[in-house]
Amino acid sequence: MPTVKLTEGERALFRLLLGVVEEEAMGTTLRVAGGWVRDKLLGAARCGGEHMVGVDNKMDVDIALDNCLGKGFAETVNRHLAKKGMKSAAVGIVSKNPEKSKHLETATMHLLGFSIDFVNLRTESYTSDSRIPNMGIGTPEDDAYRRDLTINALFYNINTGLVEDFTGRGLTDLAAGVISTPLPAVDTLLDDPLRVLRSIRFASRFNFNMSQDLLMACKDPEVHVALAQKVSYERIGVEVDQMVRSHQPLRAFTLICDLGLAPIVFAVPPTDLLGCAAGCGLDCCDPSAPLQLDTASIFSQSLVYLKNMHHLLGDAVLAAAGIALSGDGETAVQERRLALYGAFLLPLAATHYWERGRDREVSKPHPVTRYIISDALKLRARDAEQVHRLHLSALEFQLLLRRTVGAPITDANCAAVAPDRVEAGLVLRRVGELWRMALLLALTGDLGTQHILDSAVRDRADKEADEAIICAYASMGRALEGMGLVGESPVWELKPAIDGVGIGKLLPGLPKGPVFKEILDDQIEWILRNPYGSEGEVKEHVLHKYAQYLCPLAMTARKATVLQQPPPQPQQQQRQRQ
Numbered sequence: 001m002p003t004v005k006l007t008e009g010e011r012a013l014f015r016l017l018l019g020v021v022e023e024e025a026m027g028t029t030l031r032v033a034g035g036w037v038r039d040k041l042l043g044a045a046r047c048g049g050e051h052m053v054g055v056d057n058k059m060d061v062d063i064a065l066d067n068c069l070g071k072g073f074a075e076t077v078n079r080h081l082a083k084k085g086m087k088s089a090a091v092g093i094v095s096k097n098p099e100k101s102k103h104l105e106t107a108t109m110h111l112l113g114f115s116i117d118f119v120n121l122r123t124e125s126y127t128s129d130s131r132i133p134n135m136g137i138g139t140p141e142d143d144a145y146r147r148d149l150t151i152n153a154l155f156y157n158i159n160t161g162l163v164e165d166f167t168g169r170g171l172t173d174l175a176a177g178v179i180s181t182p183l184p185a186v187d188t189l190l191d192d193p194l195r196v197l198r199s200i201r202f203a204s205r206f207n208f209n210m211s212q213d214l215l216m217a218c219k220d221p222e223v224h225v226a227l228a229q230k231v232s233y234e235r236i237g238v239e240v241d242q243m244v245r246s247h248q249p250l251r252a253f254t255l256i257c258d259l260g261l262a263p264i265v266f267a268v269p270p271t272d273l274l275g276c277a278a279g280c281g282l283d284c285c286d287p288s289a290p291l292q293l294d295t296a297s298i299f300s301q302s303l304v305y306l307k308n309m310h311h312l313l314g315d316a317v318l319a320a321a322g323i324a325l326s327g328d329g330e331t332a333v334q335e336r337r338l339a340l341y342g343a344f345l346l347p348l349a350a351t352h353y354w355e356r357g358r359d360r361e362v363s364k365p366h367p368v369t370r371y372i373i374s375d376a377l378k379l380r381a382r383d384a385e386q387v388h389r390l391h392l393s394a395l396e397f398q399l400l401l402r403r404t405v406g407a408p409i410t411d412a413n414c415a416a417v418a419p420d421r422v423e424a425g426l427v428l429r430r431v432g433e434l435w436r437m438a439l440l441l442a443l444t445g446d447l448g449t450q451h452i453l454d455s456a457v458r459d460r461a462d463k464e465a466d467e468a469i470i471c472a473y474a475s476m477g478r479a480l481e482g483m484g485l486v487g488e489s490p491v492w493e494l495k496p497a498i499d500g501v502g503i504g505k506l507l508p509g510l511p512k513g514p515v516f517k518e519i520l521d522d523q524i525e526w527i528l529r530n531p532y533g534s535e536g537e538v539k540e541h542v543l544h545k546y547a548q549y550l551c552p553l554a555m556t557a558r559k560a561t562v563l564q565q566p567p568p569q570p571q572q573q574q575r576q577r578q
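What follows is the structure in structure tokens.
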């Protein structure tokens, strides 16, 4: 059996836990389970015998107990700490929820910088009239065979310091790069259908192959129904978001689509609530009529957009133009995440839905992308708003490029794509700090879904057309930088030279109402058109353009004119009421 190299922190933690077992005479065998063991062994294999601590789970440890429950053991740990004069740790309880396929009660606590989950080894049995299992304390072998994957069924025995493989396949699958289940795959997935997505996530994360048995089970209609009905939206969303944040989101989403899971994972509202919003710009449907979606075609397009976006995120031409996303911080991760969601959902950008019971003629529709992100995946409302903003701004960038070029994009001269400064500035003000993502999304949309950028099947004409489109967007990106619209003082932070109070003093005859906003917006346009203009020149512009509001008497005269009009006759009043 392979050995595991422990860090100093891990040794200290395990000594503490073994001390609890010994001094409290518990007779417990402590085993670290699941991902910690897997990642230790994978790290050792990749680093010539030396463990490389990864970002994931490096401070998370799951402890399996063979003769007690997690809550009881955690409380015993705290009693032991108190005897030693050490500070106790708060104990959290994650309750069972078998209706949502959460069968284990887990006790959580933080010790020596580690986040620890204590849970008993489990065995389960079913009665003939219920699908909910009766849980009990089991043997290590019982527990291993009830886990999701063989590579996650490995144990590290803290008492002996040895790795244990009770399925007999975990170490073999880990070495061969195979994702498989300890029991027949259909049984394992029906036990907790979220395992479908976990299998996909691990296959993409480690670049492993899924076993044939597992692939067939993931396509099983019964498993699909179970995933849709038994697993909460929140748990699905967590898995999907981890895929997007990983280094291999493309492979994960490809597996989701290839296995027929996309309509479940990225669920859209019922057909009778769908439609295209009025003024969407597409000749797709009557806004008042329900919309039939061909989800197979839509998600096929989604994959192409996602693949092209994934390629563009590392494109050298775009990086040189300052457009490609870069960096390793959380901001860059979030930008990349939104760009990928935006690309995958691009085919649904113009599709909207109405809330049930609302009149389509008078109520405002919502973007379907909001439903998918907020309702189906239960991600943040801010994520849904930002993806929708990306879609709107991508369309604005596409139109801006066409107005600038005045010809097919493929005919553009890359060195001369310089948009109007006012138009570009207003687009940037609407999209704000998401502008790079929106520009990449616009480019992704213009490349279309006919072929994939990194595919070898494209002919020379396709490649030349793609390169011309990429070049045009890179040129426009450089132009935005050169105009000083983005950078240290971005245009979306630009303020009017005269605020609302100043406008009131400058134009004492100005009535309350929308004209105030009109003047504020007009100042922004003037500043964009005259980047070197002074505040005094802005005032002169406002005074000249809105001279009718200089004198309060003008307003008084206007009011007097209204008051002098004769009141409407009774017949006129009746017509007005009608």
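Numbering of the sequence shown is given in full-length UniProt numbering, commencing with residue 1 and proceeding in unit increments. Note that the Cβ used here is the ideal one computed from N, Cα and C, for glycine as well. All values derive from a computational prediction rather than experimental measurement.
{"Check": "Alpha-carbon spacing of Arg-430 relative to Leu-390, whole angstroms", "Outcome": "10 Å"}
{"Check": "Leu-174 (DSSP reduced to helix, strand or coil)", "Outcome": "helix"}
{"Check": "Nearest candidate by alpha-carbon position, reference Val-20, set Thr-76, Gly-72, Thr-7 and Glu-10", "Outcome": "Thr-76"}
{"Check": "Helix, strand or coil at Tyr-473 [DSSP, three-state]", "Outcome": "helix"}
{"Check": "Pair within 7 Å by beta-carbon distance, Phe-155 and Arg-15", "Outcome": "no"}
{"Check": "Simplified DSSP state of Ser-300, which is helix, strand or coil", "Outcome": "helix"}
{"Check": "For Arg-336 and Phe-299, the rounded distance between their alpha carbons", "Outcome": "20 Å"}
{"Check": "Rounded separation between Arg-79 and Ile-116 - CA only", "Outcome": "17 Å"}
{"Check": "Residue span of the alpha helix (DSSP H) that contains Thr-7, given as start and end", "Outcome": "Looking at the DSSP string, Thr-7 is not in any alpha helix (DSSP H), and its letter there is neither H nor E."}
{"Check": "Burial state of Ile-372 (16 or more Cβ within 10 Å)", "Outcome": "buried"}
{"Check": "Residue(s) in a DSSP beta bridge with Val-119", "Outcome": "Ala-64"}
{"Check": "Sequence-distant residues of its chain with Cβ nearer than 6 Å to Ala-33 (five each side left out)", "Outcome": "Asp-62, Ala-64 and Phe-155"}
{"Check": "Nonlocal neighbours in the same chain, by C-beta distance under 6 Å from Trp-435, ignoring five residues either side", "Outcome": "Leu-428"}
{"Check": "Close Cβ partners of Ala-394 (< 7 Å) along its chain, the five nearest in sequence each way excluded", "Outcome": "Ala-438, Leu-441, Ala-442 and Gly-445"}
{"Check": "Same chain, Cβ closer than 7 Å to Asp-129, five either side skipped, listed in chain order", "Outcome": "Legend: pLDDT at Asp-129 = 47, less than 50; position of this residue unreliable, no value from coordinates given."}
{"Check": "Whole-angstrom distance between Ala-497 and Ile-519, CA atom to CA atom", "Outcome": "11 Å"}
{"Check": "Residue of Glu-433, Leu-273, Ala-479 and Cys-551 minimising C-alpha distance to Ser-489", "Outcome": "Glu-433"}
{"Check": "Cut-off 8 Å between Cβ atoms - residues of its own chain near Glu-2, not counting five sequence neighbours on either side", "Outcome": "First, the amino acid is wrong: residue 2 is Pro here, not Glu. If we look at Pro-2 and ignore the five residues flanking it on each side, its Cβ neighbours are Leu-41, Ala-44, Val-163 and Leu-171."}
{"Check": "Arg-31 (DSSP reduced to helix, strand or coil)", "Outcome": "strand"}
{"Check": "Span separating the alpha-carbon of Thr-106 from that of Leu-480", "Outcome": "53 Å"}
{"Check": "Continuous beta strand (DSSP E) stretch holding His-110: start and end", "Outcome": "106-111"}
{"Check": "Residues bridged to Tyr-480 [DSSP beta-bridge criterion]", "Outcome": "Rather than Tyr, the amino acid found at residue 480 in this sequence is Leu. Leu-480 is not bridged to any residue."}
{"Check": "Opposing strand residues paired with Val-163 [DSSP bridges]", "Outcome": "Tyr-156"}
{"Check": "Whole-number beta carbon distance between Lys-219 and Gly-275, since they are thought to touch under 8 Å", "Outcome": "About 32 Å; that fails the 8 Å criterion."}
{"Check": "Beta-carbon gap between Ser-302 and Pro-269 smaller than 7 Å", "Outcome": "no"}
{"Check": "Buried or exposed (CB count within 10 angstroms, at least 16 for buried), Thr-160", "Outcome": "exposed"}
{"Check": "Burial state of His-388, where buried means 16 or more other Cβ atoms lie within 10 Å", "Outcome": "buried"}
{"Check": "Residue from Ser-95, Phe-73, Leu-111 and Val-94 with nearest C-alpha to Met-86", "Outcome": "Leu-111"}
{"Check": "Segment limits, alpha helix (DSSP H) that includes Cys-218", "Outcome": "212-218"}
{"Check": "Spatial distance of Leu-400 from Val-186 (CA atoms)", "Outcome": "52 Å"}
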